[in-house]
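Quick notes on the structure that follows.
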Amino acid sequence: MDRSVSPEGGHKALLAAAENVTGLVFIDDGAAEAFVKEESSSPGADDDRPFRMPLKFKTADPPQRSISGTPAGKASSAQHQQGSRSGRHGKGATSKAGQKAPPAPGQPIIPRRVEDWDPWKGVLYELYITQNRILRDIIGIMETKHNLRATPKMYKNQFARWGFFKYAVKRRPRNKAESPTEHSSSDDSLDGALVLSRDELLHAGDGSRSIQAGLTAVRRFLQGHIDLDPAHLQAEEVAGFVDPCYRYFKVAMDLFNLEENLEGGRVLRLAFLQIERKVSKPTMKSFSDLCFLVPHLLLESKRKDILSAYLHYLSRLATVKFGKHPVAELAASFASLVDDRPDDIMRYIMLLSQINSDTIAAQPGMLDRNREWARNQYLACQRTVAAADEASSLISRSSGKGGKGDRHDHHMIRLEAQSVYWAQKLIMHDPVSDDMGAQWLRREFKDDFGPRCEAYLAQLKALVHSGQFPAVFARMMECLYVGWLYDYYETVEDWDRAFEWGRRGLELSTDEQYAIWSIHLEGLMRRYGREAEAEELKRRRREHDWLERVRLEVDRLTIA
Numbered sequence: 001m002d003r004s005v006s007p008e009g010g011h012k013a014l015l016a017a018a019e020n021v022t023g024l025v026f027i028d029d030g031a032a033e034a035f036v037k038e039e040s041s042s043p044g045a046d047d048d049r050p051f052r053m054p055l056k057f058k059t060a061d062p063p064q065r066s067i068s069g070t071p072a073g074k075a076s077s078a079q080h081q082q083g084s085r086s087g088r089h090g091k092g093a094t095s096k097a098g099q100k101a102p103p104a105p106g107q108p109i110i111p112r113r114v115e116d117w118d119p120w121k122g123v124l125y126e127l128y129i130t131q132n133r134i135l136r137d138i139i140g141i142m143e144t145k146h147n148l149r150a151t152p153k154m155y156k157n158q159f160a161r162w163g164f165f166k167y168a169v170k171r172r173p174r175n176k177a178e179s180p181t182e183h184s185s186s187d188d189s190l191d192g193a194l195v196l197s198r199d200e201l202l203h204a205g206d207g208s209r210s211i212q213a214g215l216t217a218v219r220r221f222l223q224g225h226i227d228l229d230p231a232h233l234q235a236e237e238v239a240g241f242v243d244p245c246y247r248y249f250k251v252a253m254d255l256f257n258l259e260e261n262l263e264g265g266r267v268l269r270l271a272f273l274q275i276e277r278k279v280s281k282p283t284m285k286s287f288s289d290l291c292f293l294v295p296h297l298l299l300e301s302k303r304k305d306i307l308s309a310y311l312h313y314l315s316r317l318a319t320v321k322f323g324k325h326p327v328a329e330l331a332a333s334f335a336s337l338v339d340d341r342p343d344d345i346m347r348y349i350m351l352l353s354q355i356n357s358d359t360i361a362a363q364p365g366m367l368d369r370n371r372e373w374a375r376n377q378y379l380a381c382q383r384t385v386a387a388a389d390e391a392s393s394l395i396s397r398s399s400g401k402g403g404k405g406d407r408h409d410h411h412m413i414r415l416e417a418q419s420v421y422w423a424q425k426l427i428m429h430d431p432v433s434d435d436m437g438a439q440w441l442r443r444e445f446k447d448d449f450g451p452r453c454e455a456y457l458a459q460l461k462a463l464v465h466s467g468q469f470p471a472v473f474a475r476m477m478e479c480l481y482v483g484w485l486y487d488y489y490e491t492v493e494d495w496d497r498a499f500e501w502g503r504r505g506l507e508l509s510t511d512e513q514y515a516i517w518s519i520h521l522e523g524l525m526r527r528y529g530r531e532a533e534a535e536e537l538k539r540r541r542r543e544h545d546w547l548e549r550v551r552l553e554v555d556r557l558t559i560a
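Just so we're aligned: 412 in the UniProt record's numbering is position 412 of the sequence shown, and the numbers increase by one with no gaps anywhere.
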């Protein structure tokens, strides 16, 4: 460990935000309010913690340095430059040096003058000439990926002005031209996605138009509704990791699976009551929670009735608050898909995650950590689908006995641990733990992962004992490493060690996170013949005072 941090100044505010949002126990400061958190404007959200500070810093007094100690860079207002292709194609394909990049407003761009087309000349040359795409494909890609809206006639006229003519080009068969092949799509392309051209939309049903609106809503939200000030991004980054609203939905689904329906209904009610708080001030992370993670969770839980109710409620709430807003449009597109094409929901979520990742990656002024977070969220979604396919394949080939696919039945603990992993990026940078974190993210553990992680945890405690590392930050790192160790021993099927670290995780957890860990461990212990331990965990969970506080909080928020 080659770097430590000081908890002074803005770091305390960031830690307070992280503690308040994640629900992990960082310091023993008595019973802290754990329901209405970070940016809530709901009544009764005050906290008596002495170092509680607002989530967002005032413009006049932003933190001057980042967590790592380096100056926080100002958001650059310069646009990316996109050079046109050199050489000629026909008479009008001369390049223009220094042409500006396409503008990126929140609303669709309609080129009304000849010069309005110039920023996209290189992109259109690549699609139309180099890739030999048909116009229908090009219109769909430009609308969805570049937010450019134009009619086929407008494209044809502009291609003629540029001299973009196809000579002796063999036409593709119509059936292939209308639906991109599976092999043509890549990580950075929307080919093969649910992309509809403008012509198709004019003749499509309401469901198809709603889906297309949802695809463009992600880009319009990120480009027109978020604050790119580095201080705000940093505060949001700490506070926005997997909001409690999302965990409330997770606990509710787990309780329903255990047929503890009364308790599950109360937690679900609390989760729904949190939605208005999150919608009131949508941020990049809350947008992701509401529009990607919660639908993903409900779909994985096979609760399509609750998913449909959630999406319709989110759409109506956002419409009432904002009118025409990307959150409302995306929720409406989901609701339409749930009603009309439920089998396409997971594919749609993956596509939205990819658009989210691509747009954040291309956004000027975005922190590199934000780009990394969005990319890993998209890859996590891919892994979830792959794991589900693997589990289905294993079940179909086996005689009903659980196999390796059983390890993928609780992705949410991993998502929760991932939130702390990214918090580590804000607090410190250590090559050893970064390498272990990369193994954990890929689920490709080296043989020495367990011993190395345990040794690192012991080293961390020694540094805290000697005063070289702040205890509150060490508690966050301890939560991180315990989660990694649990996942590692579960993956290698060393159940004695897995349960040992699982019980350690329970000691570090509180409130809804305690319930998530406990329910997961109860199920595994029963599966592997540890009925007595499972019953003891169940008894302690049901006697936990958190469920009573859930009931009181639901009553309070309902009255408010």
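Every residue, glycine too, gets a C-beta built ideally from N, C-alpha and C.
Query: Pull up the DSSP beta-bridge partners for isoleucine 109, would you.; Result: Leu148
Query: Is isoleucine 275 near leucine 290, with beta carbons less than 8 Å apart?; Result: yes
Query: Return the Cβ separation of arginine 266 and valine 550 in integer angstroms, given the expectation that the two are a contact with Cβ distance under 8 Å.; Result: 5 Å
Query: Following the continuous alpha helix (DSSP H) through arginine 316, name the residue where it begins and the one where it ends.; Result: 304-322
Query: Just confirm the distance between the C-beta atoms of glycine 505 and valine 472, as a whole number of angstroms; I'd bet it's less than 8 Å.; Result: Rounded, the Cβ-Cβ distance is 18 Å, inconsistent with contact.
Query: Which whole-angstrom value is the C-beta distance of arginine 253 and serine 301, which I expect to be below 8 Å?; Result: With the sequence shown as reference, residue 253 is identified as methionine, and arginine is not the correct amino acid for it. Indeed they touch by this definition, with Cβ atoms about 4 Å apart.
Query: Considering only C-alpha positions, which residue in the set Ile360, Ser280, Tyr488 is nearest to lysine 321?; Result: Ser280
Query: Any idea what DSSP makes of tyrosine 528, helix, strand or coil?; Result: coil
Query: Return the CA-CA distance between proline 470 and glutamate 493, expressed in angstroms with no decimal places.; Result: 34 Å
Query: Looking at the structure shown, is aspartate 199 part of a helix, part of a strand, or coil, going by DSSP?; Result: Note that aspartate 199 has pLDDT 43, beneath the 50 cutoff, so the model's placement of it is unreliable and no number is given.
Query: What is the DSSP secondary structure of glycine 214, counted as helix, strand or coil?; Result: helix
Query: Terminal residues of the continuous alpha helix (DSSP H) containing asparagine 132?; Result: That residue, asparagine 132, is in no alpha helix (DSSP H); it is neither H nor E in DSSP.
Query: Roughly how many angstroms separate the alpha carbons of phenylalanine 449 and alanine 474, rounded to a whole number?; Result: 20 Å
Query: Confirm, please, whether the CB-CB distance from alanine 335 to leucine 299 is below 8 Å.; Result: no
Query: Can you list, in chain order, the residues of its chain with a C-beta nearer than 6 Å to that of leucine 255? Leave out the 5 residues immediately preceding and following it.; Result: Glu263, Gly264
Query: Output the boundary residues of the alpha helix (DSSP H) element that contains glutamate 454.; Result: 449-465
Query: Just verifying my parser: in three-state terms, what is the DSSP assignment at phenylalanine 469?; Result: coil
Query: Between which two residues does the alpha helix (DSSP H) holding glycine 505 run?; Result: 495-508
Query: Just reading off the alpha helix (DSSP H) that leucine 352 is part of, what are its end residues?; Result: 345-362
Query: Round the Cβ separation of isoleucine 141 and proline 152 to the nearest angstrom and send it over; I've been treating them as touching at under 8 Å.; Result: In fact, because the Cβ distance is near 14 Å, the residues do not count as touching under 8 Å.
Query: Looking only at its own chain, which residues have a Cβ that is under 7 Å from the Cβ of arginine 269, when we skip the five neighbours before and after it?; Result: Val554
Query: Beta-carbon separation of proline 108 and histidine 225 under 8 Å?; Result: no
Query: How is serine 301 classed by DSSP in three states: helix, strand or coil?; Result: coil
Query: When the distance is taken between beta carbons, is tyrosine 248 closer than 8 Å to glutamate 512?; Result: yes
Query: Applying the criterion that 16 or more other CB atoms from any shown protein chain within 10 Å of the CB defines a buried residue, is glycine 529 buried or exposed?; Result: exposed
Query: Which stretch, first to last residue, makes up the alpha helix (DSSP H) that contains proline 244?; Result: 244-257
Query: So proline 326 is in the alpha helix (DSSP H); what residue range does that whole segment cover?; Result: 326-340
Query: Considering only C-alpha positions, which residue in the set Asp339, Thr216, Asp545, Leu537 is nearest to glutamine 354?; Result: Thr216
Query: Which of the three DSSP states is assigned to arginine 443 in this structure?; Result: coil
Query: Please confirm whether tyrosine 348 and leucine 293 have their CB atoms less than 8 Å apart.; Result: no
Query: Grab the span of the alpha helix (DSSP H) containing lysine 278 for me, first residue to last.; Result: 261-280
Query: Which of the three DSSP states, helix, strand or coil, is assigned to valine 492?; Result: coil
Query: Taking just the CA atoms, how far does tyrosine 456 sit from proline 431?; Result: 12 Å
Query: Please report the straight-line C-alpha distance between arginine 541 and asparagine 257, rounded to a whole angstrom.; Result: 15 Å
Query: Between Ile345, Ala380, Asn370, which has its C-alpha nearest proline 230's C-alpha?; Result: Asn370
Query: Over what stretch of residues does the alpha helix (DSSP H) that includes leucine 228 continue unbroken?; Result: Where leucine 228 is concerned, there is no enclosing alpha helix (DSSP H), given that its DSSP letter is neither H nor E.
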